[in-house]
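Undergrad: Last residue of the sequence shown: number 313 in our numbering, and the count goes up by one each step with no gaps.
Glycine included, each C-beta is placed from N, C-alpha and C at the ideal position.
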Amino acid sequence: MSSSTLLTQVRALLTVDVDSMDPDVAARYSSPDKFCDMTSNQAIVHGQAERPERSDLLKAAVEYVRAQTKESETFEQDVVDVLTILLAKEVYPHLTGNVHAETSPSAAYDTQKTIDHARKLVALFAAHGIPQSRVCIKIPATPESLLACRELQASGIQTLATCLFSMSQAVAASQAACVYVAPYFNELRVHFQAGLWKDYGDNTKTEHPMSPVILSIVHAFRDLKSTTLVMPASIITPEEVVALVSLSPDHLTLSGSVLDALADRPALAQEEFAAPAFSPSAAIQAEAGDALAIFDEKEVETRKLVKAFVDRK
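(1) Got a sec, what are the start and stop residues for the alpha helix (DSSP H) Lys138 sits in?
(2) Return the CA-CA distance between Ile137 and Arg265, expressed in angstroms with no decimal places.
(3) Pull up the CB-CB distance for His117 and Ser104, whole angstroms please, since I reckon it's below 8 Å.
(4) To the nearest angstrom, report how far apart Ala127 and Glu63 are at their CA atoms.
(5) Mind checking who His251 pairs with in its DSSP beta bridge?
(6) Using a 10 Å radius around the Cβ and a threshold of 16 neighbouring Cβ atoms, would you call Glu76 buried or exposed?
(7) Measuring only the C-alpha atoms, how far is Asn41 from Glu102?
(8) Identify whether Val82 lies in helix, strand or coil by the three-state DSSP scheme.
(9) With DSSP collapsed to three states, give me the class of Phe75.
(10) What residue range is occupied by the uninterrupted alpha helix (DSSP H) comprising Thr39?
(11) Name the DSSP beta bridge partners of Ala101, please?
(12) Report yes or no: is there a C-beta of chain B within less than 9 Å of the C-beta of Cys136?
(13) Give me the DSSP bridge partner(s) of Tyr29.
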């Protein structure tokens, strides 16, 4: 990869994480420098579970769960959880930081269920050789789940507040001592519904509705002297990456397709990354409900894949 690519330039300006559980993507862009973190969610896990070449991991997850306990009403979800860990483990060698796994969206409005699932995921990672210190649990930024974040953080489990679209959610996550907040630049539906995403092109920095929200979060955390890091997610194009870099977050988590596009483009003039002229504003918000619904749907679909796989055997 040329030293003058847009990807190399972006990596010199902030920390780049890989938003993929495909080890080939991670390997392609981890030389000479590894990624910091790997992020994931139910949709990413489902996408990997559907791939025929990943059937060996699905089989291993089924066998692991069967060896631990008799099949029960939670069998499919238990397999999904183990599969999540096995997928993350394949990317782990390409990281210097954390693997991320997300708690079930069905528990997003239940503090104790979110805590229990987070602890289960951490224990599974440990059982597969990844220590708690290298695990971060993604948790939807609902009031109930942010209480879970506070308790988990107090016990030494790292958390990231996801499905986050507003300043109020971000400040609450900071107060809960989350390691990261991941404000979505685009609503999750744009990844699944054709024609929904809007291309702002070269005006993304100033016209995209989430730009002022993310800038507000960055400035607020700076003013509050918060240790919570800002990691924008749900990024579609290189233009969005450039716009986000200009807002000065701590991290960006990027999909394989965005990494490929950045690697194919030459570096830009430094002024392209200049901060936008508008003042920070927290006036624009979006609902997290759609994201939770989509993640829940993908989790259910992955459980169905598990059942179909087991029934074939």
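TA: In short:
(1) Along the sequence shown, read from residue 1 onward, the residue named residue 138 stands at position 138. Where Lys138 is concerned, there is no enclosing alpha helix (DSSP H), although the beta strand (DSSP E) it sits in stretches over 135-140.
(2) As a position in the sequence shown, residue 137 is number 137, starting the count at 1. As a position in the sequence shown, residue 265 is number 265, starting the count at 1. When rounded, the distance between both Cα atoms is 33 Å.
(3) The residue given as residue 117 occupies position 117 in the sequence shown. The residue given as residue 104 occupies position 104 in the sequence shown. Indeed they touch by this definition, with Cβ atoms about 5 Å apart.
(4) Taking the first residue of the sequence shown as 1, we reach residue 127 at position 127. Taking the first residue of the sequence shown as 1, we reach residue 63 at position 63. Ala127 and Glu63: Cα-Cα distance of roughly 15 Å.
(5) In the sequence shown, the residue the question calls residue 251 occupies position 251. Paired residues: Thr15.
(6) Within the sequence shown, residue 76 is the residue found at index 76, counting from 1. By the 10 Å Cβ count, Glu76 comes out buried.
(7) What you label residue 41 is simply residue 41 of the sequence shown in a count that begins at 1. What you label residue 102 is simply residue 102 of the sequence shown in a count that begins at 1. Going from the Cα of Asn41 to the Cα of Glu102 covers about 6 Å.
(8) Counted from its first residue, the sequence shown places residue 82 at position 82. Val82 falls in the helix class under three-state DSSP.
(9) Stepping through the sequence shown from its first residue, residue 75 is reached at position 75. Phe75 falls in the helix class under three-state DSSP.
(10) Along the sequence shown, read from residue 1 onward, the residue named residue 39 stands at position 39. Neither: Thr39 is in no alpha helix (DSSP H) and is coded neither H nor E.
(11) The residue given as residue 101 occupies position 101 in the sequence shown. Here Ala101 is bridged, per DSSP, to Ile137.
(12) Absent from the structure: chain B. Only one protein chain is present.
(13) Taking the sequence shown and counting its residues from 1, one reaches residue 29 at position 29. Per DSSP, none; premise fails for Tyr29.
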